[in-house]
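Mapped onto my numbering, the consecutive letters of the sequence shown carry residue numbers 1101 to 1409. Data block below; observations after.
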Amino acid sequence: TNRPDVLDPALLRPGRFDRHITIDRPTKAGRLGILKVHSRKVPLADDVDLEEIAAATIGFSGAELKNLVNEAALNAARSSQTSVTRDDFDYARDRVLMGPRREEVLNKHEREMTAYHEAGHALLGWLLPEADPVHKVTIIPRGRALGVTQFLPDDDRYSIGERRLQTQLIVALGGRAAEKLVFDEFTAGGEGDLKQVTQIARRMVANWGMSEVIGPVAFTQVEDHPFLGKEIHEQRTYSDETARLIDQEIQRFLVGAAENAMSILKKHRDQLDSLASALQEHESVDSKMLEELIGKAGQYNLQETNGKP
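Right, dumping it as structure tokens:
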């Protein structure tokens, strides 16, 4: 169950269901085992390496891995192939991570704005060493998004540090920064980015003690189980004055990240323009093309800011 809190306490007494086991997402070894199970009856081409696929699917659940194999097999069948190739798995991974491709035609201005928005994310993710590696950036509408920048962690991660979180804020605000830099206005396409960074900044300030002003205090109480619906049980345990300070610190973190994003993009405007042009021409840019356009990844040295530019 995802909701042990709603079970009858009598069920959980000693001698009955008295052990709680949390099932995490599979590690690389677990993903490899799951892929082997689901691909047993699937004819794989010689260029398919399941270990490589397991390494590139960090964070996937067992159900998502099953869906990955099924989507790859379906794509091969649609092409009347006798075996499933690496390209089929690449297609399937994009579909699982980014959603199905939408056959919408953007007008020239929307296409250009989307290209710069995604180029802002991708360029910052490529330049900053604490960012997850950029796998692919596309302006093909997928799911509910007009474009997607896909990041793939290079290893399984169980904890995250302050510098990496600050980098996440900067990269996530890179799309809006690029819009403002190039077109001198923001679009509604940054709504998801704003929700993401606000949630991260709030946790940094109120939960993880990463604000010098607030200090090493966790201000929310959550029932002690890592299951669905936990935020429903959060209770505010602090004063209105503390709430005001938390809001001010969240704003400071986000304004600082936005200013950092803008500053870096201004310094690398030529590369931003080159990447946006490549996206408009090719629709998708992978890591190899990114290296050709920008150079080696992780070349920008971002100093610790604690929310300040």
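Note that CB positions come from ideal geometry on N, CA and C, so glycine has one too.
For a quick check, are the C-beta atoms of residue i and residue j less than 8 Å apart?
i	j	result
V1297	A1278	no
L1354	L1269	yes
L1379	I1239	yes
S1183	L1144	yes
E1083	G1292	Within the shown structure, residues of the chain are numbered from 1101 to 1409, placing residue 1083 beyond reach of any answer.
T1127	D1256	yes
I1346	A1397	no
R1242	R1211	no
V1148	T1185	yes
M1213	F1319	no
Could you pull the start and end residues of the alpha helix (DSSP H) that residue i belongs to?
i	result
H1138	1128–1138
S1363	1340–1367
H1209	1208–1227
F1189	1186–1198
V1234	Counting along the chain, V1234 falls outside any alpha helix (DSSP H), though it belongs to the beta strand (DSSP E) covering 1234–1238.
S1384	Here S1384 belongs to no alpha helix (DSSP H); instead the beta strand (DSSP E) covers 1384–1386.
Q1415	Nothing can be reported for residue 1415, as the shown portion of the chain is limited to 1101 through 1409.
N1401	N1401 -> no alpha helix (DSSP H), and no H or E assigned at all.
N1426	As displayed, the chain neither begins before 1101 nor continues past 1409, which places residue 1426 out of reach and without an answer.
M1304	1291–1306
Can you find the residues in the same chain that come closer than 7 Å, C-beta to C-beta, to residue i, ignoring five residues on each side of it along the sequence?
i	result
H1325	With a pLDDT of 48 at H1325, under the threshold of 50, the modelled position of this residue cannot be trusted; read the value that follows with caution. Only P1104, D1105 meet the Cβ criterion.
V1205	none
R1116	none
Y1317	The displayed chain sequence assigns Val, not Tyr, to residue 1317. Contacts found: G1309.
F1286	R1276, E1279, K1280
K1141	none
A1376	A1215, Y1216, A1219
L1294	none
Among the options, which has the Cα closest to the Cα of residue i?
i	options	result
W1226	F1251, D1370, R1352	F1251
K1136	S1180, E1151, T1122	E1151
L1224	E1210, R1242, T1249, R1302	T1249
Y1400	D1386, S1339, L1228, R1369	L1228
T1267	I1300, V1142, L1111, V1305	I1300
I1364	S1387, H1221, S1259	H1221
Y1258	D1386, R1125, H1120, A1163	R1125
A1245	A1288, E1262, V1282, I1260	A1288
S1161	A1129, S1377, K1366, K1367	A1129
D1370	G1247, E1164, G1395, T1342	G1395
Leaving aside the five residues before and after residue i along the sequence, list all residues of the same chain whose C-beta is less than 6 Å from its C-beta, in chain order.
i	result
N1175	D1188, Y1191
T1405	Below a pLDDT of 50, predicted positions are generally treated as unreliable, and T1405, at 45, falls in that range; no measurement from the model is reported.
V1313	E1349
Give the range of the beta strand (DSSP E) segment to which residue i is assigned.
i	result
F1251	1248–1251
Take residue i and list the residues in its own chain whose beta-carbon comes closer than 8 Å to its own, dropping the five residues that flank it on each side.
i	result
P1450	Nothing about residue 1450 can be reported from this structure: the residues present for the chain run from 1101 to 1409 only.
Any heavy atom of the ligand GTP within a distance shorter than 7 Å of the CB on residue i?
i	result
Q1299	In the structure shown, the ligand GTP is absent, as is every other ligand, since no ligand is present at all.
Are the region 1193–1203 and the region 1158–1171 touching, with three or more C-beta to C-beta distances below 8 Å?
yes
Could you tell me whether the region 1139–1159 touches the region 1183–1191, using the rule of 3 or more Cβ pairs below 8 Å?
yes
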